[in-house]
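The block underneath contains the structure these notes are about, expressed in structure tokens.
Number of protein chains: 2
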Amino acid sequence: MSSIATNAREASAGANDSLKSEFVAFKTNRIIEVASNLFYQRGYSSCTLDLVADNLGVTKPFLYSYFKNKEAILAAICEVGISESLAVLEATLADEHKTHRALLTEVVRQVGRIVIERQEYVVVYQREMKHLSATDHNRILRMRASFDHQIAELIREGVEAGEFREDTDSFVAVWIGGLISWIPTWYSPGGQRSSGEVIDQLVTAALRLAGAE
Amino acid sequence: MSSIATNAREASAGANDSLKSEFVAFKTNRIIEVASNLFYQRGYSSCTLDLVADNLGVTKPFLYSYFKNKEAILAAICEVGISESLAVLEATLADEHKTHRALLTEVVRQVGRIVIERQEYVVVYQREMKHLSATDHNRILRMRASFDHQIAELIREGVEAGEFREDTDSFVAVWIGGLISWIPTWYSPGGQRSSGEVIDQLVTAALRLAGAE
DNA sequence: TAAGCGCCGTACTGGCCAGTAGTTTTTTCT
DNA sequence: AGAAAAAACTACTGGCCAGTACGGCGCTTA
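If you read the protein sequences in the order shown, they are chains A and B.
Just so you know, the UniProt record's numbering puts 38 at position 38 of the first sequence, and the rest follows in order with no gaps.
Just so you know, the UniProt record's numbering puts 165 at position 165 of the second sequence, and the rest follows in order with no gaps.
Okay, structure coming up:
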């Protein structure tokens, strides 16, 4: 009996905890969403936490119960784009049945989609990374390096398999990363080109760089 | 006689003035050089003018006798990379005897060189443009647009002339601009790759994007 | 050498802002 | 209902920084 009661209590406590942590996650997300938008518009250093709080309809101490300080908010923002991209990259590369050309196409398409979706996060990351603490900076730099490394590997194998031109240096991985990162500086959601067109163009460009035609 | 005297006086005054304006130009240059370096390292908003002055061995009011305010210094920095690139672009395109392929190669090579030389200026421009006044912002944006437009035109003519693949959209001009702008985020002067190698790679990449092979 | 001028420095201010201490409100549990 | 705990707010501070008023020093000119 006591064990049943205990289990029930634990289960209930567990449910409560998870509900509570869902609330916390939700609020945390809202904060980085709004903060990202404001950092994007005004720049990290010239954006005050009072402003972020105002835009959320709360006050500054509220933010401090979810993040240690201003820099922690920035770190959370910077991590979004790169961690999602890395996740998609690894999920895509897991499919062993595809050709290297198909893999490259799919990776570029998926990551391009994420970069467009998370445009503001990506731009803030690119512009404001230098304000991160050394620890956060290194963690994010490692993710970025891992991304580039895996693309370079994909290129190398594709060249070996004869799918890409043999005079293709695996360093084009960095150039392809450049194409992807470049999108947010000129694409705007309501603009002339749809995100679909942009992604198609991106894929074409990446394939040309890889010599896969 | 009076006219000779006047001329002599004017000539002398002119020489003085030009010498003086050379001094002014020199000091102005030193300011944007040092400021660019500090804005590059710390970001525009978190870099104080006292710090800039310290690094020049002068004091803050000195800066205010050469620039109206902090933003004017930023504007001067932002203009360097793009105005030099535009000048080189137009000088290169003036050579009527070259093929479109040769013109594209030369433009990319020259602008790549400028971007590497002026790396810090270019990065500050990309990151901090949003802190410019509307007037400065527009002036610089127009230069940038003119650059992209002329590259697009070059691509279009090259396709027409049969030098580039016929399924090449002139929008690759923007992608090529992306490759060039991407260099400063990963190239470092003392690093593994020499600037010559980087530029060769850049040219190769640009030609592949244009379908000129 | 003395007067005049211009260049640069000293010293200040007014406002802004990250971060915090202590209080009030809301929720939870009995 | 009422107490205890959790969540959010009010109100403040200490330091920083763009921009400025004014003073002094050296340099020209006669």
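Glycine included, C-beta positions come from ideal geometry on N, C-alpha and C.
Is it the case that the Cβ atoms of LEU86(B) and LEU132(B) are separated by a distance below 8 Å? Not in contact: LEU86(B) and LEU132(B) (Cβ atoms no closer than 8 Å).
Could you spell out the range, first to last residue, of the alpha helix (DSSP H) harbouring GLY177(B)? Here the alpha helix (DSSP H) through GLY177(B) covers 172–186.
For PRO189(B), name the three-state secondary structure that DSSP assigns. Coil at PRO189(B), not helix or strand.
Could you check how far apart the C-beta atoms of PHE171(A) and GLN201(B) are, in whole angstroms? I think they sit under 8 Å. Contact holds; Cβ gap of about 7 Å.
Measure from the alpha carbon of GLU71(A) to the alpha carbon of each residue in ARG113(A), GLU157(A) and ALA134(A), then state which is nearest. Across the set ARG113(A), GLU157(A) and ALA134(A), the C-alpha of ALA134(A) shows the shortest separation from the C-alpha of GLU71(A).
In terms of residues, what are the limits of the alpha helix (DSSP H) holding TYR64(B)? TYR64(B) -> alpha helix (DSSP H) spans 60–64.
Which residues in the same chain as CYS47(B) place their Cβ atom closer than 6 Å to its Cβ, once the five residues preceding and following it in sequence are excluded? Around CYS47(B): LEU38 and PHE39.
Kindly indicate which three-state DSSP category LYS68(B) falls into: helix, strand or coil? In the three-state DSSP reduction, LYS68(B) falls in the coil class, being neither helix nor strand.
HIS100(A) and LEU154(A) - do their beta-carbons sit closer together than 8 Å? Going by C-beta atoms, LEU154(A) is nearer than 8 Å to HIS100(A).
By the three-class DSSP mapping on this structure, what secondary structure does GLU96(A) have? Per DSSP, reduced to three states, the secondary structure at GLU96(A) is coil, with no helix or strand assignment.
Nearest CA to the CA of ASP167(A): which residue from VAL34(A), ARG208(A) and ILE114(A)? The shortest C-alpha to C-alpha distance from ASP167(A) to any of VAL34(A), ARG208(A) and ILE114(A) is the one to ARG208(A).
Just how far apart, CA to CA, sit GLU120(B) and SER21(A)? Rounded to whole angstroms, GLU120(B) and SER21(A) show a C-alpha spacing of 44 Å.
As a quick exercise: from GLU96(A), VAL122(A) and THR105(A), pick the residue whose alpha carbon is nearest that of GLU33(A). Measuring from the Cα of GLU33(A), the nearest candidate turns out to be VAL122(A).
Closest to LEU89(B) by C-alpha separation, out of ILE116(B), ALA205(B), ARG109(B) and VAL124(B), would be which residue? Closest by alpha carbon: ARG109(B).
Step through the CB atoms of chain B and report whether any lies within less than 8 Å of the CB of LEU141(A). With 8 Å as the cut-off, LEU141(A) does not count as an interface residue toward chain B.
Starting from ASP136(A), find everything on chain B with Cβ-Cβ shorter than 7 Å and list it in chain order. In chain order: nothing, as chain B lies at least about 16 Å away.
Of all the alpha helix (DSSP H) runs that stay within the bounds of the stretch 97–123 of chain B, which reach a length of 4 or more residues? Every unbroken stretch of the alpha helix (DSSP H) spanning 4 or more residues and falling wholly within the stretch 97–123 of chain B is given here in chain order: 100–117.
Go ahead and pull the three-state DSSP assignment for ASP54(A). The answer is helix: DSSP assigns ASP54(A) an H, G or I state.
Within the same chain, show all residues whose beta-carbon is closer than 7 Å to that of GLU128(B), passing over the 5 residues directly before and after it, in chain order. For GLU128(B), the CB contacts under 7 Å within the same chain, skipping 5 residues up- and downstream, are PHE39, TYR44 and LEU74 in chain order.
Taking ILE176(A) as the reference, give the member of PHE147(A), GLU197(A) and GLU163(A) with the closest Cα. If we check each option's Cα against that of ILE176(A), PHE147(A) comes out closest.
Please state if the CB of ILE82(A) and the CB of TYR187(A) are separated by a distance shorter than 8 Å. Note that the C-beta distance between TYR187(A) and ILE82(A) is not below 8 Å.
DSSP state of GLU84(B) mapped onto helix, strand, coil: GLU84(B): helix per DSSP, three-state reduction.
Helix, strand or coil, according to DSSP, for GLY158(B) in the structure here? The DSSP-derived three-state label of GLY158(B) is helix.
With a threshold of 6 Å on Cβ separation, who are the neighbours of ILE77(B) within its own chain once the five nearest residues in sequence on each side are excluded? For ILE77(B), where only same-chain residues beyond five positions count, the Cβ hits under 6 Å are ILE32, SER36, TYR121 and VAL124.
How many angstroms separate the CA atom of GLN150(A) from the CA atom of ARG165(A)? Note on geometry: alpha-carbon atoms of GLN150(A) and ARG165(A) lie some 19 Å from one another.
For ILE114(A) versus GLU160(A), is the C-beta distance shorter than 8 Å? Contact: no.
Nearest to GLY57(B) by CA position, among ARG30(B), ALA102(B) and TRP182(B), is which residue? GLY57(B) has its Cα closest to that of ARG30(B), out of ARG30(B), ALA102(B) and TRP182(B).
Quick one: is SER12(A) buried, meaning 16 or more other Cβ sit within 10 Å of its Cβ, or exposed? At SER12(A) the pLDDT is 40, less than 50, meaning the model places this residue with poor confidence and gives no usable figure here.
I need the straight-line Cα distance from TYR66(B) to THR28(B), nearest angstrom please. Whole-angstrom Cα-Cα distance: 7 Å.
Comparing the C-beta of ARG208(A) with each C-beta of chain B, is any distance below 8 Å? Yes, contact with chain B.
Measuring only the C-alpha atoms, how far is PHE23(A) from GLU163(A)? Spanning the two alpha carbons is a distance of roughly 49 Å.
Rounded to whole angstroms, what's the CA-CA distance from LEU49(A) to LEU49(B)? Just pull it up for me. Rounded to whole angstroms, LEU49(A) to LEU49(B) spans 24 Å at the Cα level.
Give every residue of the same chain whose Cβ lies closer than 6 Å to the Cβ of THR59(B), excluding the five residues on either side of it in the sequence, and list them in chain order. These residues qualify, in order along the chain: ALA53.
Going by DSSP, what residue range makes up the alpha helix (DSSP H) through ALA207(A)? Note on identity: in this sequence residue 207(A) is Leu, with Ala being the wrong assignment. First-last of the alpha helix (DSSP H) with LEU207(A): 195–210.
Please report the straight-line C-alpha distance between ALA206(A) and VAL174(A), rounded to a whole angstrom. Straight across, the Cα-Cα distance linking ALA206(A) with VAL174(A) is about 11 Å.
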